[in-house]
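Structure first, commentary second.
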Amino acid sequence: MNDFLKSQHLADMTPDEERWLDKRLSELSVKEHLILNGLTVYAPPKSSMDMINLVQNIHDCDICFDVGNKDGLGAFVAREIEGVSPAYMGFIDTEKLAEKYMEQHPGVFSDGNYIEISENGLWHYYDGRNLDQLADEDWSVKLKLTAAGHPEGVWLRLPDYQDANDGKPDEIKIALTALEAMRVDECLIVDYKCSLPRAGDLVLQYGSIAKLIYDGNNLGFVLDERGQGMRNFMELYQAALEYEDCSTLAEALDIAENLTRYKLVPLPGVKDYAMDELKKSGVKLSDAATAAFDFERYGVELMEEHGFIFSEDVQAYISKIGAIPQYDRAMEPFSGMVLE
């Protein structure tokens with residue numbers, strides 16, 4: 454059993470709950486661990502259900518890293534959030550600023566950090582029956598890093614939002630602080646995980662940890678944005694990865710950033726695709742012919758002519774815009790788709 458889990462002395466833990474917690478806790482990043490520590494102070498868990506719910510709430514919360522106390526929080530808010538120039542920091546009542554911030558962002562001090570609780574409070578994700586539905590999502594790459602003096606290593610979870618959050622310390626800085634390292638390239642990767650099974654061996658693909666983190670971070674941003682609201686983003690993305698036979702993180706990132714190059718036709722949409730193509734070609738069918746016409750078969754054969762392939766991953770047809778068709782209709786009609 455995980456040492457942290459043992460220390461909680463939880464009641465009524467089932468074998469499935471223990472396995473779930475063991476796995477999740479063993480892969481928490483430093484930032485996630487610090488937030489979880491704060492959550493156990495804010496709402497001490499008494500049972501395995503309580504602990505599972507705290508773990509699921511980690512990403513609804515935030516951290517003001519290494520602030521120490523209320524005075525340090527005020528200085529952190531002035532510097533990192535309000536953007537007060539160092540020349541004027543001496544005129545700031547940091548405790549007053551901290552109190553205002555804590556009023557707007559309720560939370561708790563833990564391990565020298567201020568852990569902000571979600572504005573909606575803690576959400577009850579686990580009801581005792583839905584453990585298999587509680588997925589670890591919203592990440593692109595996880596790296597377990599070691600550095601001199603820290604052979605046990607720590608996990609880093611991407612994406613990191615420090616640059617997007619006006620320099621507020623996030624995953625990378627927090628992990629480097631734990632490892633007492635200045636740069637990611639001072640570290641060694643001893644384990645890794647990618648949310649995309651097709652990404653291949655990340656260590657072999659990159660000679661620089663900084664470059665790997667850069668690509669993993671950018672992939673995380675794209676996945677978070679879901680193509681800026683693109684319809685069926687993940688289905689299209691998974692199908693495009695299969696279409697391109699993607700085997701590296703760099704390829705996966707390129708595909709994610711250029712999804713408009715691909716067209717997806719889900720199985721239920723084959724008939725509509727066929728009807729649209731007939732209309733584009735100026736073909737008009739009588740009511741009797743329409744009733745007897747096999748639009749699905751025509752649509753499938755037309756798509757195969759146009760270079761579509763069938764994606765087993767998402768059960769849909771996909772093609773790349775501008776790709777060379779696989780078949781010539783005239784010859785074979787109806788042949789059966791950063792950091793440093």
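Counting with the working numbering, you get residues 454 to 793 for the letters of the sequence shown. Every residue, glycine too, gets a C-beta built ideally from N, C-alpha and C.
* To do: Decide if residue 608 is buried, meaning its Cβ has at least 16 other Cβ atoms within 10 Å, or exposed.
  => buried
* Per DSSP, residue 752 forms a beta bridge with which residues? -> According to DSSP, which records beta bridges pairwise, residue 752 is partnered with nothing at all.
* To do: Determine the contact status of residue 484 and residue 623, defining contact as a CB-CB distance below 8 Å.
  => Cβ distance < 8 Å, so residue 484 and residue 623 count as in contact.
* **Assigned exposure category for residue 477 - 16 Cβ within 10 Å defines buried** => buried
* **Cβ-based burial, residue 461 [other Cβ within 10 Å; buried from 16]** => buried
* **CB-CB length for residue 565 against residue 520, believed under 8 Å** => 7 Å
* Asked: In terms of residues, what are the limits of the alpha helix (DSSP H) holding residue 746?
  -> No residue range can be given for residue 746, since it is assigned to no alpha helix (DSSP H) and is classified by DSSP as neither H nor E.
* Asked: For residue 759, does the three-state DSSP call read helix, strand or coil?
  -> DSSP places residue 759 in the coil class of the three-state scheme, outside both helix and strand.
* Taking just the CA atoms, how far does residue 665 sit from residue 708? -> When rounded, the separation of the alpha-carbon atoms in residue 708 and residue 665 is 17 Å.
* For residue 529: DSSP bridge partner residues -> None; residue 529 has no bridge partner.
* Who are the near neighbours of residue 661 in its chain, counting only those whose CB is closer than 8 Å to its CB and skipping five residues on each side? -> 638
* Which residues in the same chain as residue 670 place their Cβ atom closer than 7 Å to its Cβ, once the five residues preceding and following it in sequence are excluded? -> 611, 612, 613 and 791
* Would DSSP call residue 582 helix, strand or coil? -> coil
* Asked: In chain order, which alpha helix (DSSP H) runs of at least 4 residues are fully inside the region 592-649?
  -> 624-632
* Asked: What residue does the alpha helix (DSSP H) around residue 510 start on, and which one ends it?
  -> First-last of the alpha helix (DSSP H) with residue 510: 501-510.
* **Under the three-state DSSP convention, the category residue 464 falls into** => strand
* Asked: Quick one: Cα of residue 645 to Cα of residue 593, how far?
  -> Per the coordinates, the alpha-carbon of residue 645 lies some 11 Å from the alpha-carbon of residue 593.
* Asked: With DSSP run on the structure shown, which of helix, strand or coil describes residue 682?
  -> helix
* Go ahead and pull the three-state DSSP assignment for residue 659. => coil
* Asked: Which partner residues does residue 560 have in the DSSP bridge list?
  -> 569
* Determine the direct distance from the alpha carbon of residue 615 to that of residue 677, and round the result to whole angstroms. => Answer to the nearest angstrom: the Cα atoms are 15 Å apart.
* Asked: CB residue 465 to CB residue 500, shorter than 8 Å?
  -> Result yes, Cβ atoms of residue 465 and residue 500 sit closer than 8 Å.
* In terms of residue numbering, what span does the alpha helix (DSSP H) encompassing residue 769 cover? -> Not the alpha helix (DSSP H): residue 769 falls in the beta strand (DSSP E), residues 769-773.
* **residue 683 to residue 542 span [Cα, whole Å]** => Answer to the nearest angstrom: the Cα atoms are 44 Å apart.
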